[in-house]
Amino acid sequence: NLVNIISVGFFSIPFLEYARMMILPDIVSIAASAIMLYVIFRRSFPNRIPLESLPKPETVVRDMKLLKISFVVIALMIALYAIAGFFLIPISLVAVPGVALFYLFAKTRTNVSGKKIVRNTPWEIIFFALGLFIVVYALSKHGLVGILETAMLSLGNLVLPLRLIGDAFLFSFLASIMN
Numbered sequence: 523n524l525v526n527i528i529s530v531g532f533f534s535i536p537f538l539e540y541a542r543m544m545i546l547p548d549i550v551s552i553a554a555s556a557i558m559l560y561v562i563f564r565r566s567f568p569n570r571i572p573l574e575s576l577p578k579p580e581t582v583v584r585d586m587k588l589l590k591i592s593f594v595v596i597a598l599m600i601a602l603y604a605i606a607g608f609f610l611i612p613i614s615l616v617a618v619p620g621v622a623l624f625y626l627f628a629k630t631r632t633n634v635s636g637k638k639i640v641r642n643t644p645w646e647i648i649f650f651a652l653g654l655f656i657v658v659y660a661l662s663k664h665g666l667v668g669i670l671e672t673a674m675l676s677l678g679n680l681v682l683p684l685r686l687i688g689d690a691f692l693f694s695f696l697a698s699i700m701n
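Positions in the sequence shown are counted from 1; adding 522 to them yields my numbering.
Listed below in structure tokens is the structure:
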């Protein structure tokens, strides 16, 4: 996501290192979300989903060639993110050209409007992420990173369950302040 791309660039964390650090939180987050969705909506799930009633992919996907190209572009970008980390190339120097290339390809397609893509882009999210980055950058310049480092080192001396709970409270508190 955009905040992660900005954060990785700001803290100069290589992509593979970031992926290694985030794999467990990602798995836990996905599992917790899936469990909660199941618990909340389990009564509304049908016992069987009739696959024959689902529409054929060709009728839903407006441009199959663009879909296939998007998979190639995403795979290339992930590979380039990993390679860029070895050469200390900022992740944005991979992301921006990748998106621009995909945009130019989409714009050449007859049934995909480049203007519509730009018009329907949720710009408020991009401006929010940029604002969040500016706030975090300003706070780091005024010593917040040092305070957080001290707090996390103190939490690091606790036993694992207490350390995790302490980290969760610390970051929840910071997230609520940022919001």
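Every residue gets a Cβ at the ideal spot worked out from N, C-alpha and C, and that includes glycine.
How close, in whole Å, do the beta carbons of Ile639 and Tyr625 come, if the pair is a contact with beta carbons under 8 Å?
About 7 Å separates the Cβ atoms of Ile639 and Tyr625, confirming a contact at the 8 Å cut-off.
Could you check what DSSP says for Lys590 in three-state terms: helix, strand or coil?
Note: Lys590 maps to helix in three-state DSSP.
Quick one: what does DSSP say Leu546 is sitting in, helix, strand or coil?
helix
As a quick exercise: from Ser566, Ala660, Arg584, pick the residue whose alpha carbon is nearest that of Phe532.
Ala660
Mind reading off the beta-carbon distance from Leu588 to Arg641? Whole number of angstroms is fine, and I expect it under 8 Å.
Rounded, the Cβ-Cβ distance is 18 Å, inconsistent with contact.
Within 8 Å, do at least three Cβ pairs link the stretch 530-546 to the stretch 601-612?
They touch, by the three-pair rule.
In angstroms with no decimal places, state the Cα-to-Cα distance between Ser551 and Ala622.
31 Å
Distance check for Arg584 and Ser575, CA to CA, integer angstroms please.
19 Å
Just the C-alpha distance for Val618 and Phe563, rounded to the nearest angstrom, thanks.
Each residue's Cα considered, the two are about 39 Å apart.
Between Leu615 and Leu602, what straight-line distance do the alpha-carbon atoms span, to the nearest angstrom?
10 Å
How many Å lie between Ile557 and Val658 at the Cα?
Answer to the nearest angstrom: the Cα atoms are 32 Å apart.
Helix, strand or coil for Ile726, going by three-state DSSP, please let me know.
With the chain represented from 523 up to 701, any question about residue 726 goes unanswered, as that position is not in the structure.
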